[in-house]
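Student: This is the structure I want to talk about, given as structure tokens.
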Ligand code: XIL
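In my numbering, the protein residues as written are 215 to 673.
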């Protein structure tokens with residue numbers, strides 16, 4: 215009997231709730247759940263979400279940024295009573311994000327989950343060739359790219375892009391000491407010959423990189439057991455033989471690369487240890503002497519280093535070395551590597567740094583340009599926002615370079631062709647934490663916005 219009574223009471227209670235009790239407040243609106251987009255075209259898509267009971271309408275946001283820092287015009291809290299809306303007037307090949315809130319009277323819920331959608335088609339970039347545009351300038355300069363010998367096969371995609379777009383090449387690694395020097399007085403020239411001949415036969419400038427670099431010391435020299443004087447003679451012989459072989463064929467050499475440490479002191483390399491603090495000057499003297507002896511009195515000698523725009527102690531030390539070489543008339547230019555990010559260095563930092571070489575009357579080589587967009591590993595694909603930020607940074611550096619006086623211009627070299635072959639992603643040298651997209655072409659060799667940014671920098 216008691217059980218029957220309890221059951222009756224429970225049933226009465228339930229039916230009361232179902233019919234809605236005036237004495238009980240309405241439950242809060244549930245936060246909506248956005249579902250995938252449909253009907254995706256080149257310039258529109260349909261945004262969808264799941265119905266929220268009791269909602270009178272929904273507020274939709276659409277953005278090109280997943281942080282919704284800006285909104286697509288007309289889609290900031292757009293009010294809609296259905297559970298779907300057609301988003302129109304978009305661009306092709308762009309990634310958009312949408313989210314939704316539910317509304318009833320004055321009550322508005324939190325944002326739903328965010329849905330990502332990419333419109334179809336590819337965004338056409340300006341197909342103008344870089345060197346063509348650079349060559350129309352009042353004061354033109356070489357537009358360079360880092361290459362590998364195996365890319366230079368006639369008819370390969372690299373060969374086609376290179377001949378169309380670039381007027382200068384640097385070997386990405388095959389002209390460093392460890393691949394060339396196989397022992398005292400013995401050399402492996404094959405890859406270097408291929409790169410140099412390719413440049414010479416196609417009217418493309420060849421920049422030599424790099425005669426002396428602490429990261430490219432061959433094992434036989436790292437383990438050298440002779441005296442320090444004998445070690446110095448080996449370096450002299452190496453520099454002399456390489457410069458002599460390519461005299462008149464290579465227009466410029468990075469003689470010493472990265473001699474300054476990040477703490478602003480001389481880097482404690484095997485060269486400093488065995489040859490003493492005068493080693494830099496010695497190397498430049500040997501390079502100059504070899505070129506002159508081979509009849510090339512126009513060889514340009516560069517000092518090349520990285521991060522000097524942001525690291526002022528390092529910048530100061532580099533210019534101490536440069537000043538010293540200037541005093542002995544042993545330097546013609548400075549290479550600023552510019553392995554930059556979409557955030558750094560600033561325009562002012564770069565200008566201040568480069569200007570220190572300009573006032574000395576030296577040639578400027580932006581020698582290894584690439585621009586990271588994922589240095590903090592916070593994206594998993596190249597977002598629209600990052601792609602545009604990278605484009606602006608490419609435009610900025612090209613613009614800075616193009617504004618240099620004629621006498622200081624030499625070359626602006628990009629460090630590779632396609633993103634997926636760049637040295638940046640997952641680089642242990644750089645402690646890079648993930649994937650990245652730092653160059654002008656994507657994995658399919660299509661032009662990126664960065665390429666358009668480069669072109670716009672030449673305006
Ligand atoms: C890098 C190349 O990109 C890599 O392929 C190679 O394994 C190591 O060197 N500073 C320089 C360049 O001067 O020579 C370096 O190039 C990148 C940093």
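Every residue gets a Cβ at the ideal spot worked out from N, C-alpha and C, and that includes glycine.
Source: prediction; values computed, not measured.
What would DSSP say about residue 381, mapped onto helix, strand or coil?
Tutor: Along the chain shown, read from residue 1 onward, the residue named residue 381 stands at position 167. In this structure, residue 381 counts as coil in the three-state DSSP scheme.
Student: Can you give me the Cβ contacts of residue 284 inside the same chain, cut-off strictly under 8 angstroms, excluding the 5 residues immediately before and after it?
Tutor: One-based indexing of the chain shown puts residue 284 at position 70. Counting only Cβ-Cβ distances below 8 angstroms, and skipping sequence neighbours, we find 277, 278.
Student: Report yes if the C-beta of residue 624 is less than 6 angstroms from at least one heavy atom of the ligand XIL; otherwise report no.
Tutor: The count along the chain shown starts at 1 and reaches residue 624 at position 410. No, the Cβ of residue 624 stays beyond 6 angstroms of every heavy atom of the ligand XIL.
Student: If residue 653 and residue 612 are in contact, beta carbons under 8 angstroms, what's the gap, nearest whole angstrom?
Tutor: For the purposes of this step, residue 653 is identified with residue 439 of the chain shown, where counting begins at 1. For the purposes of this step, residue 612 is identified with residue 398 of the chain shown, where counting begins at 1. Actually they do not touch by this definition, with Cβ atoms about 14 angstroms apart.
Student: Could you compute how far the alpha carbon of residue 269 sits from the alpha carbon of residue 318?
Tutor: Numbered from 1 along the chain shown, position 55 holds the residue referred to as residue 269. Numbered from 1 along the chain shown, position 104 holds the residue referred to as residue 318. So the two alpha carbons sit approximately 5 angstroms from each other.
Student: Do you know whose CA, among 561, 501, 303, 343, lies nearest residue 356's CA?
Tutor: For the purposes of this step, residue 356 is identified with residue 142 of the chain shown, where counting begins at 1. With distances taken between Cα atoms, residue 356 lies closest to 343.
Student: Anyone know if the C-beta pair for residue 535 and residue 494 falls short of 7 angstroms?
Tutor: Here the question's residue 535 lines up with position 321 in the chain shown. Here the question's residue 494 lines up with position 280 in the chain shown. Yes, the pair counts as a contact, with Cβ atoms nearer than the cut-off.
Student: If you check the beta carbons only, do residue 604 and residue 664 fall under 7 angstroms apart?
Tutor: Taking the chain shown and counting its residues from 1, one reaches residue 604 at position 390. Taking the chain shown and counting its residues from 1, one reaches residue 664 at position 450. Cβ distance < 7 angstroms, so residue 604 and residue 664 count as in contact.
Student: By how many angstroms is the C-alpha of residue 606 removed from the C-alpha of residue 555?
Tutor: To locate residue 555, count along the chain shown from 1; it is residue 341. To locate residue 606, count along the chain shown from 1; it is residue 392. Taking the straight line from one Cα to the other gives about 11 angstroms.
Student: Just tell me which of 365, 396, 452, 454 has its CA closest to the CA of residue 412.
Tutor: Within the chain shown, numbered from 1, the residue matching residue 412 stands at position 198. Ranking 365, 396, 452, 454 by Cα distance to residue 412 puts 365 first.
Student: Can residue 392 be considered in contact with the ligand XIL, in the sense that its beta carbon sits closer than 6 angstroms to one or more heavy atoms?
Tutor: Stepping through the chain shown from its first residue, residue 392 is reached at position 178. The answer is no for residue 392.
Student: Less than 7 angstroms between the beta carbons of residue 586 and residue 519, yes or no?
Tutor: Working through the chain shown from its first residue, we reach residue 586 at position 372. Working through the chain shown from its first residue, we reach residue 519 at position 305. Taking 7 angstroms as the Cβ cut-off, residue 586 and residue 519 do not qualify as a contacting pair.
Student: Tell whether a beta-carbon distance below 7 angstroms holds between residue 469 and residue 425.
Tutor: In the chain shown, residue 469 corresponds to position 255, counting from 1. In the chain shown, residue 425 corresponds to position 211, counting from 1. Closer than 7 angstroms, so yes.
Student: Could you give the DSSP three-state label for residue 657: helix, strand or coil?
Tutor: The sequence position of residue 657 within the chain shown is 443, counting from 1. Correct three-state label for residue 657: coil.
Student: Between the C-alpha atoms of residue 282 and residue 325, what's the straight-line distance to the nearest angstrom?
Tutor: Here residue 282 refers to the residue found at position 68 when the chain shown is read from its first residue. Here residue 325 refers to the residue found at position 111 when the chain shown is read from its first residue. Near 11 angstroms, if we compare the C-alpha coordinates of residue 325 and residue 282.
Student: So, helix, strand or coil for residue 221, using DSSP?
Tutor: Locating residue 221 in the chain shown gives position 7, where the first residue counts as 1. Here the model assigns residue 221 a pLDDT of 46, short of 50, so the residue's position is not dependable and the matter cannot be decided.
Student: List the residues that DSSP assigns as beta-bridge partners of residue 452.
Tutor: As a working note, residue 452 is residue 238 in the chain shown. BP columns for residue 452 are empty, so no partner.
Student: Which term fits residue 247, buried or exposed, when burial requires 16 or more other beta carbons within 10 angstroms of its beta carbon?
Tutor: Counting from 1 along the chain shown, the entry for residue 247 is found at position 33. The residue is exposed, with fewer than 16 neighbouring Cβ atoms inside 10 Å.
Student: Any idea if residue 507 is buried or exposed, counting beta-carbon neighbours within 10 angstroms, 16 or more meaning buried?
Tutor: As a first step, residue 507 is located in the chain shown; it is residue number 293 there, counting from the start. Answer is exposed; the Cβ neighbour count stays below 16.
Student: Who does residue 268 pair with in a DSSP beta bridge?
Tutor: Within the chain shown, the letter at position 54 stands for residue 268. BP columns for residue 268 are empty, so no partner.
Student: Going by beta carbon distance, what residues of the same chain come within less than 8 angstroms of residue 476, once the five residues before and after it are set aside?
Tutor: Counted from its first residue, the chain shown places residue 476 at position 262. So the qualifying residues of the chain are 521, 525, 528.
Student: Checking 7 angstroms against the spacing of the C-beta atoms, do residue 292 and residue 258 come in under that value?
Tutor: Numbered from 1 along the chain shown, position 78 holds the residue referred to as residue 292. Numbered from 1 along the chain shown, position 44 holds the residue referred to as residue 258. Taking 7 angstroms as the Cβ cut-off, residue 292 and residue 258 do not qualify as a contacting pair.
Student: Assign residue 669 to one of two classes, buried (16 or more other C-beta atoms within 10 Å of its C-beta) or exposed (fewer than that).
Tutor: Looking up residue 669 in the chain shown gives position 455. With 16 or more Cβ atoms within 10 Å of its Cβ, residue 669 is classed as buried.
Student: State the start and end residues of the unbroken alpha helix (DSSP H) segment that holds residue 667.
Tutor: By one-based count along the chain shown, residue 667 stands at place 453. Its alpha helix (DSSP H) spans residues 663-671.
Student: Rounded to whole angstroms, what's the CA-CA distance from residue 533 to residue 404? Just pull it up for me.
Tutor: Here residue 533 is taken as the residue at index 319 of the chain shown, counted from 1. Here residue 404 is taken as the residue at index 190 of the chain shown, counted from 1. Cα to Cα, residue 533 sits roughly 36 angstroms from residue 404.
Student: Measuring CA to CA, which of 391, 410, 408, 409 is closest to residue 401?
Tutor: If you number the chain shown from 1, residue 401 lands on position 187. Nearest C-alpha to residue 401: 391.
Student: In angstroms, rounded to a whole number, what distance separates the CA positions of residue 710 and residue 617?
Tutor: Residue coverage of the chain in this structure runs from 215 to 673, which leaves residue 710 outside it and unanswerable.
Student: Do residue 490 and the ligand FAD come close, with the Cβ less than 6 angstroms from some heavy atom?
Tutor: This structure does not include the ligand FAD; its bound ligands are the ligand XIL.
Student: Around the Cβ of residue 265, are there at least 16 other Cβ atoms within 10 angstroms (buried) or fewer (exposed)?
Tutor: Along the chain shown, read from residue 1 onward, the residue named residue 265 stands at position 51. By the neighbour-count rule (16 or more Cβ atoms within 10 Å), residue 265 is not buried but exposed.
Student: For residue 651, verify whether its CB is less than 6 angstroms away from any heavy atom of the ligand XIL.
Tutor: In the chain shown, counting from the first residue as 1, residue 651 sits at position 437. No, the beta carbon of residue 651 sits no closer than 6 angstroms to any heavy atom of the ligand XIL.
Student: I think residue 457 touches residue 501, with their Cβ atoms under 8 angstroms apart; what is that distance to the nearest whole Å?
Tutor: Here residue 457 corresponds to residue number 243 of the chain shown, with the count starting at 1. Here residue 501 corresponds to residue number 287 of the chain shown, with the count starting at 1. Rounded, the Cβ-Cβ distance is 5 angstroms, consistent with contact.
Student: Pick helix, strand or coil for residue 312, following the three-state DSSP scheme.
Tutor: Within the chain shown, numbered from 1, the residue matching residue 312 stands at position 98. Residue 312: strand per DSSP, three-state reduction.
Student: Start and end of the beta strand (DSSP E) containing residue 165?
Tutor: This structure cannot speak to residue 165, because the chain is shown only from 215 to 673.
Student: Do you know how far the Cα of residue 330 is from the Cα of residue 238?
Tutor: The residue given as residue 238 occupies position 24 in the chain shown. The residue given as residue 330 occupies position 116 in the chain shown. In this prediction, residue 238 scores a pLDDT of 48, lower than 50, which makes its location untrustworthy; the coordinate-derived value is nonetheless stated afterwards. Cα-Cα distance, rounded: 39 angstroms.
Student: Does the beta-carbon of residue 387, which I'm using as the reference point, lie nearer than 6 angstroms to any heavy atom of the ligand XIL?
Tutor: Working through the chain shown from its first residue, we reach residue 387 at position 173. Residue 387: yes, Cβ under 6 angstroms from the ligand XIL.
Student: Looking at the strands, I want to know which residues DSSP matches up with residue 295.
Tutor: Counting from one through the chain shown, the residue named residue 295 turns up at place 81. Its beta-bridge partners do not exist; DSSP assigns none.
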